[in-house]
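Protein chains: 2
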Amino acid sequence: MPPATRNRTTPQTEQIREHILITADRLYYSRGINAVGMDALRNESGVSLKRLYQLFPSKENLVEAVLHRRRDIWNSLIETAIATGSGTPRDQLLAVYDMLARWFDEDDFRGCVFINTFGELGGTAPHIAALIREHKASFQARLAELVTETGAPAALAHQLAILAEGAQTTAAIAGTNDAAHHARAAATTLIDTALAASRSKPTTTR
Amino acid sequence: MPPATRNRTTPQTEQIREHILITADRLYYSRGINAVGMDALRNESGVSLKRLYQLFPSKENLVEAVLHRRRDIWNSLIETAIATGSGTPRDQLLAVYDMLARWFDEDDFRGCVFINTFGELGGTAPHIAALIREHKASFQARLAELVTETGAPAALAHQLAILAEGAQTTAAIAGTNDAAHHARAAATTLIDTALAASRSKPTTTR
DNA sequence: CGAAGGTGAGAACGTTCGTTCTCGCTCGCG
DNA sequence: CGCGAGCGAGAACGAACGTTCTCACCTTCG
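Same order as they appear, the protein sequences are chains A and B.
Quick note on numbering: the working numbering labels position 99 of the first sequence as 1350, and the sequence is numbered without any gaps.
Quick note on numbering: the working numbering labels position 154 of the second sequence as 1405, and the sequence is numbered without any gaps.
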């Protein structure tokens, strides 16, 4: 079969696929995954069940695709925050918490998709649990890169990651974005204390 | 199944009620709430559906009872940790993270019930979301009492709470208890920095 | 024009959900 | 001893789940 002759359908399916992912993400995020059936997704997206199952062979497959998309968005937000952090790795680390503060302010904020999904499906869907674990490990690794640039010990990265995770759940449950500012203040203290200690006791670069 | 004593109603119903709550807690915690039907609870607990609905008029009612019981257990763990913390409020605060480290080591640890339940049901069950919010607020208030005793500014309590929440989710997803030690180290830094600051500048009220 | 194949709307399938009901059975008490 | 109330086991119920199928309708192309 000539592969390029059907090129009229191909670009549109990619848009439909993205539209489905956006709709599914919104529904899953706001109501939980088990509470959103394929019929609800069909009604909200306007895409027929036939095409839904054509693009995503099962609900679990769709959930994974939604998580993959969220992972890309998260990574993009992180890199944007780091890029806007003015120069020093210390400021870049703190810019992550500024990004969190803006996110928490969004109307439909309801916590971290990965944490929520882990609580709901982590115990019964090992594949999804592994995906979530890898995503969080990747975030911690990115923080560790920045921490290494500051010259502070690697343990600081774990502490900063815990602050970010705690801020997300605290903000979600409390319904306010105070947690982002508290986490930023705590991060500032932890970073500056670690820098002062590593400066008096020489270890790495600079 | 109970072979020996066929005691009459009231004293035994309390035991049965507790037995149901323990079984439901274990199942909900390990698999998620939506994934555990009343039939599974009947099979695992050995209690007939008739008695289940006699003691808990609906599944949502049962879920609330499980959360209430977990709240009491949590409060008891917190108070025990504080009591074993040797003397100073600083040590009492740090003892909370030692308690977390022991909890994370348990085989079936899968994060904080309240965070998991909020992710799964918080978007569709406002009553349960409110219960979770009140529980977390109560924990923060207890931390604030101890922080006030140290003389540090009240903002420290929020930072310590964020560390505790972040440690729970991080430990659950990573599958290790490292997060408890990282959170304890971070808490130590934050407390001591706050104490040093408030000692040199003794204005602590807000 | 007519055959082939893909489409959307939605019915249908088998399962599972939360909840209620049926029906023998047991047992305290008159 | 008999009787009525409470019990466990499990069937039954309507709804909702994930998934598949039907069928009338469009294109597209020989």
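Using N, Cα and C, we set each Cβ at its ideal position, and we do this for glycine too.
Chain-ordered chain B contacts of residue i [CB-CB under 9 Å]
i: D1429 of chain A; result: H1409
i: G1362 of chain A; result: I1366, F1369, G1370, G1373
Sub-9 Å separation of residue i and residue j beta-carbons
i: L1441 of chain A; j: Q1391 of chain A; result: no
i: T1368 of chain A; j: L1318 of chain A; result: yes
i: G1283 of chain A; j: N1285 of chain B; result: yes
i: R1322 of chain B; j: S1389 of chain B; result: yes
i: G1373 of chain B; j: I1383 of chain B; result: yes
i: L1292 of chain B; j: I1267 of chain B; result: no
Spatial distance of residue i from residue j (CA atoms)
i: V1347 of chain A; j: L1300 of chain B; result: 50 Å
i: A1380 of chain A; j: I1366 of chain B; result: 16 Å
i: A1448 of chain A; j: R1435 of chain A; result: 20 Å
i: A1422 of chain B; j: Q1263 of chain A; result: 42 Å
i: M1350 of chain A; j: L1328 of chain A; result: 8 Å
i: E1265 of chain A; j: E1357 of chain A; result: 27 Å
i: F1355 of chain B; j: E1416 of chain B; result: 12 Å
i: N1428 of chain B; j: A1352 of chain B; result: 6 Å
i: H1315 of chain B; j: H1378 of chain A; result: Per the sequence presented here, residue 1315 of chain B reads as Glu, with His not at that position. So the alpha carbons of these two residues sit roughly 30 Å apart.
i: P1404 of chain A; j: E1330 of chain B; result: 33 Å
i: G1297 of chain B; j: T1274 of chain B; result: 10 Å
i: G1336 of chain B; j: A1406 of chain B; result: 22 Å
i: A1438 of chain A; j: D1276 of chain A; result: 30 Å
i: A1334 of chain B; j: K1387 of chain B; result: 20 Å
i: D1359 of chain B; j: H1270 of chain B; result: 18 Å
i: G1288 of chain A; j: L1272 of chain A; result: 14 Å
i: T1401 of chain B; j: S1451 of chain B; result: 14 Å
i: N1258 of chain A; j: P1340 of chain A; result: Here N1258 of chain A scores only 37 on pLDDT, less than 50, and its place in the model is too uncertain to base an answer on.
i: W1325 of chain A; j: L1345 of chain B; result: 32 Å
i: R1393 of chain A; j: A1418 of chain A; result: 18 Å
i: M1252 of chain A; j: P1308 of chain A; result: Residue confidence for M1252 of chain A is low, a pLDDT of 37 falling below 50, so the modelled location carries little weight and cannot support an answer.
i: G1338 of chain B; j: H1432 of chain A; result: 31 Å
i: N1294 of chain B; j: N1294 of chain A; result: 37 Å
Identity of the residue in the options nearest residue i by Cα
i: D1443 of chain A; options: A:N1428, A:E1265, A:A1408, A:L1318; result: A:A1408
i: G1370 of chain A; options: B:G1362, B:E1330, B:G1373, B:P1377; result: B:G1362
i: T1399 of chain B; options: B:A1431, B:G1288, B:T1335, B:L1446; result: B:L1446
i: A1395 of chain B; options: B:I1273, B:Q1343, B:A1376; result: B:Q1343
i: I1413 of chain B; options: A:A1430, A:A1405, A:G1402; result: A:A1430
i: D1290 of chain A; options: A:K1310, A:H1433, A:V1364; result: A:K1310
i: T1420 of chain B; options: B:E1385, B:V1364, B:R1268; result: B:V1364
i: E1385 of chain B; options: A:H1386, A:I1424, A:A1418; result: A:I1424
i: L1313 of chain B; options: B:P1340, B:L1278, B:F1360, B:R1341; result: B:L1278
i: S1281 of chain B; options: A:H1433, A:A1376, A:A1418; result: A:A1376
i: L1397 of chain B; options: B:N1294, B:E1295, B:A1332, B:H1432; result: B:A1332
Where residue i meets chain A, residues with beta-carbon distance less than 7 Å
i: G1288 of chain B; result: By Cβ distance, chain A contributes nothing, its closest Cβ being about 12 Å from G1288 of chain B, past 7 Å.
i: L1372 of chain B; result: G1283
i: E1416 of chain B; result: G1417, T1420, T1421
i: A1434 of chain B; result: I1413
i: T1444 of chain B; result: T1440, T1444
i: A1406 of chain B; result: H1433, A1436
Contact set between residue i and chain A, taken where Cβ atoms lie within less than 9 Å
i: H1270 of chain B; result: Near H1270 of chain B there are no residues of chain A at all, since even the closest Cβ is about 22 Å away, more than 9 Å.
i: E1295 of chain B; result: None at all; the shortest Cβ gap to chain A is about 15 Å.
i: A1425 of chain B; result: R1384, K1387, A1388, Q1391
Within chain B, the residues that residue i reaches when beta carbons sit closer than 7 Å
i: K1310 of chain A; result: The contacting residues do not exist; K1310 of chain A stays about 13 Å from chain B at best.
Contact list for residue i against chain A, beta-carbon separation under 8 Å
i: L1345 of chain B; result: Chain A residues near L1345 of chain B: none, gap ~15 Å exceeds 8 Å.
i: L1511 of chain B; result: The structure shown does not extend to residue 1511 of chain B, since chain B spans only 1252 to 1457, so no value can be given for it.
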